[in-house]
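Line order of the protein sequences matches chains A and B.
Take the first sequence: its position 71, counted from the start at 1, is 71 in my numbering, and no numbers get skipped.
The number in my numbering is simply the position in the second sequence, starting from 1, with 265 added.
A virtual CB, placed ideally from N, CA and C, is assigned to each residue, including glycine.
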Amino acid sequence: MSLRKTYQVPESLQARLDKVELDDKIVAAKAALLNDIKRSVYIYRVDCGGCNGCEIEIFATITPVFDAERFGIKNTPSPRHADILVYTGAMTRSMRLPALRAYEGAPDPKLVVSYGACGCTGGIFHDNYCVWGGTDQLLPVDVYIPGCPPSPAQTIYGFAIALGLLGQKLHETNIVEGADEHAPLLYENVPYRLRVEIEREARRMAGYRYSEKLVDRFMGALTAEGVDVFSSVDALIANEPDPRKVEIFSELKDVLVSKAAGGRL
Amino acid sequence: MLKTLRNILKTGDATVKYPFAPLHTWPDMRGKPEHDAVACIACGACAVACPPNAIQMQTDLKAGTTIWSIDYGRCIFCGRCEEVCPLSAISLESEFELAVMRKDDLIETCTYQLQACSECGEYFAPRKEVDYAVRLLSSMPGNPEVEEAAQLASVCPTCKRRRDAVAAKAADDAHAKAKGGEA
């Protein structure tokens, strides 16, 4: 027996629930309600199989700093009181019925919010054996709030979209490569091998995020016009107040010096 | 009582004004990955690195295109794409307002042309990637190996292998002939 054998339930034995479809009456009622909403909305939260990061952010949203309750958004412990159902986590096989029960339990018209990367599409668990994908595999979703997890500000923005208070910013984009488009060369005036050595050393010292900025400044000093390369690098080091950056720039200068001494620019 | 009131006054209002005022964000925030379609060479390093496969490449050999796509609904904002990008064409910016009503709005695609092999005519790599390699190689003059690589940039790996085999056979034949002549 191979080690790769896994004991998952075969597809033929799994009940694939059909997606819930809204009838026209409910759609009309929902549109009418959203058009003229005059009261606070209550939220019920269903965790369908996430890592609990989304729950922590939802609770961060109702703390005084972001204070979702100032808009009347309130967390409720029962789906029967809920206007908005927030589904976090990927739609897993074992949570599909509880998810459906919560949906059926909430009175119409209700909004369904898919929360977090897992709720939207399955996120990092999208190809897991027990994951069906996002909430939209089972329920009609009104708003998708991506993020892993969404920050409290993202959450408030998502609820504002759900209630029609704000417009959405992100739209589907399809870009096509322009005719005869060229990718610009980075630091064209610096010899390629020297550039690579400097980038590697900076990355080793400062990691990818900060090394990029440090290399940018270093290359700026290297390619400064009208000044000697070494004196401009020395000036960069002398003017840097942060001792950590001074050390990194000094290391980069050592690379430059050794390259120049070897004549292998 | 007075002490409490004084503390309240001293602390002030802790609640942020968002969404009525823009939220204060920091430059190192890991928000939406912004893709620079012009700087991108469609090398696919980000698609390989992406842990949840939010970034994917789809190659269509018939049409001669490769489609880079990102699904913001699947992105976990880890920044691995930014780390591996050789041209800094993708970086996580401070944009965070990503919620949408339609799922398709979370998807961004970018279509790139493929380079056809100059010998057999098969598509083998993104055109921009080959173009970038040639320009990079031509910035290092004086090295015969580099010059040869630049010349063969638009030849596909299969044809390169065939050329090598043909050259090796020719050299072998010449060697055998020379040996036969000696004998």
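Of all Cβ atoms in chain B, is any one closer than 9 Å to the Cβ of A/LYS169? Using beta-carbon distances, A/LYS169 counts as an interface residue toward chain B, with a partner under 9 Å.
B/CYS305 versus chain A: which residues are under 8 Å apart at the beta carbon? The answer, in chain order, is ALA183.
So, using beta-carbon positions, are A/CYS48 and A/GLY164 closer together than 9 Å? Pairing A/CYS48 with A/GLY164 gives a Cβ-Cβ distance that is not under 9 Å.
In this structure, does DSSP put B/SER359 in helix, strand or coil? It is coil, neither helix nor strand.
Residues within the region 49 to 83 of chain A neighbouring chain B, beta-carbon criterion of under 8 Å: Cβ proximity to chain B below 8 Å picks out PRO64, VAL65, PHE66, ASP67 and ARG70 from the region 49 to 83 of chain A.
For A/ILE145, the first and last residue of its enclosing beta strand (DSSP E): Counting along the chain, the beta strand (DSSP E) containing A/ILE145 begins and ends at 143 to 145.
If you reduce the DSSP assignment to three classes, tell me which class A/PHE66 lands in. When DSSP states are grouped into helix, strand and coil, A/PHE66 belongs to the coil group.
Could you say which of A/ASN52, A/CYS51, A/ARG39 and A/PRO243 lies nearest to A/GLU69 if we only look at CA atoms? Relative to the Cα of A/GLU69, the nearest Cα in the group A/ASN52, A/CYS51, A/ARG39 and A/PRO243 belongs to A/ARG39.
Using a beta-carbon distance below 9 Å, is B/THR269 in contact with chain A? Judged by the 9 Å Cβ criterion, B/THR269 is not in contact with chain A.
Along chain B, which residues have their Cβ under 8 Å away from the Cβ of A/GLN137? Within 8 Å Cβ-Cβ: nothing; A/GLN137 doesn't reach chain B, min ~11 Å.
Bounding residues of the beta strand (DSSP E) (the contiguous stretch that carries A/ARG45): Bounds of the beta strand (DSSP E) holding A/ARG45 are 42 to 47.
Short Cβ contact (9 Å threshold) for A/ASP136 with A/LYS245: No.
For B/LYS368 and chain A, any beta-carbon pair shorter than 9 Å? Yes - at least one Cβ of chain A is within 9 Å of the one on B/LYS368.
Can you tell me whether B/HIS300 is buried or exposed? The criterion is at least 16 other CB atoms within 10 Å of its CB, across all chains shown. Around the C-beta of B/HIS300, 16 or more other C-beta atoms lie within 10 Å, and the residue is accordingly described as buried.
Specify the secondary structure class of A/LYS74 as computed by DSSP and reduced to three states. It is a strand residue.
Segment limits, beta strand (DSSP E) that includes B/LEU267: In this chain, B/LEU267 is not harboured by any beta strand (DSSP E); it is covered by the alpha helix (DSSP H) spanning 267 to 276.
How close, in whole Å, do the beta carbons of B/PHE389 and B/PRO422 come, if the pair is a contact with beta carbons under 8 Å? Going by Cβ atoms, the distance from B/PHE389 to B/PRO422 rounds to 7 Å, so yes, they are a contact pair.
Output, in sequence order along the chain, the residues in the region 383 to 399 of chain B whose CB is closer than 7 Å to any CB in chain A. Answer set for the region 383 to 399 of chain B: LYS393, ASP396 and TYR397.
Output, in sequence order along the chain, the residues in the region 202 to 215 of chain A whose CB is closer than 8 Å to any CB in chain B. The residues in question are TYR208, ARG209 and GLU212.
In the DSSP assignment, the beta strand (DSSP E) including A/LEU111 goes from what residue to what residue? Going by DSSP, A/LEU111 is part of the beta strand (DSSP E) stretching over 111 to 115.
How should A/MET219 be labelled, buried or exposed, when 16 other C-beta atoms within 10 angstroms of its C-beta is the threshold for buried? Under this definition A/MET219 is a buried residue.
A/GLY116 beta carbon less than 9 Å from that of A/GLY89: Yes.
Compute the Euclidean distance between the alpha carbons of B/LEU363 and A/LYS259, then round it to the nearest angstrom. If you take the alpha carbons of B/LEU363 and A/LYS259, they lie about 46 Å apart.
A/ILE161 touches chain B at which residues, Cβ-Cβ below 8 Å? Under the 8 Å cutoff, chain B gives ALA364, VAL365 and MET366.
Taking 9 Å as the cut-off, decide whether the C-beta atoms of A/GLY147 and B/PHE342 are in contact. Going by beta carbons, A/GLY147 and B/PHE342 fall inside the 9 Å limit.
Which one of A/HIS182, A/GLN168 and A/ALA221 has the shortest CA to CA distance from B/LYS393? Closest by alpha carbon: A/HIS182.
Other residues of its chain near A/GLY72: CB distance less than 8 Å, five sequence neighbours each side excluded: Excluding sequence neighbours, A/GLY72 sits near ARG39, SER40 and VAL41.
Over the uninterrupted beta strand (DSSP E) stretch that includes A/ASN87, give me the two end residues. In the sequence as displayed, the identity of residue 87 of chain A is Tyr instead of Asn. For A/TYR87, the enclosing beta strand (DSSP E) stretches over residues 84 to 88.
Helix or strand or just coil, what does DSSP make of B/LYS381? It should be noted that the sequence gives Ala, not Lys, for residue 381 of chain B. Strand, per DSSP.
DSSP bridge partner residues for A/HIS81 (one or two, in chain order): Bridge partners of A/HIS81: none, in fact.
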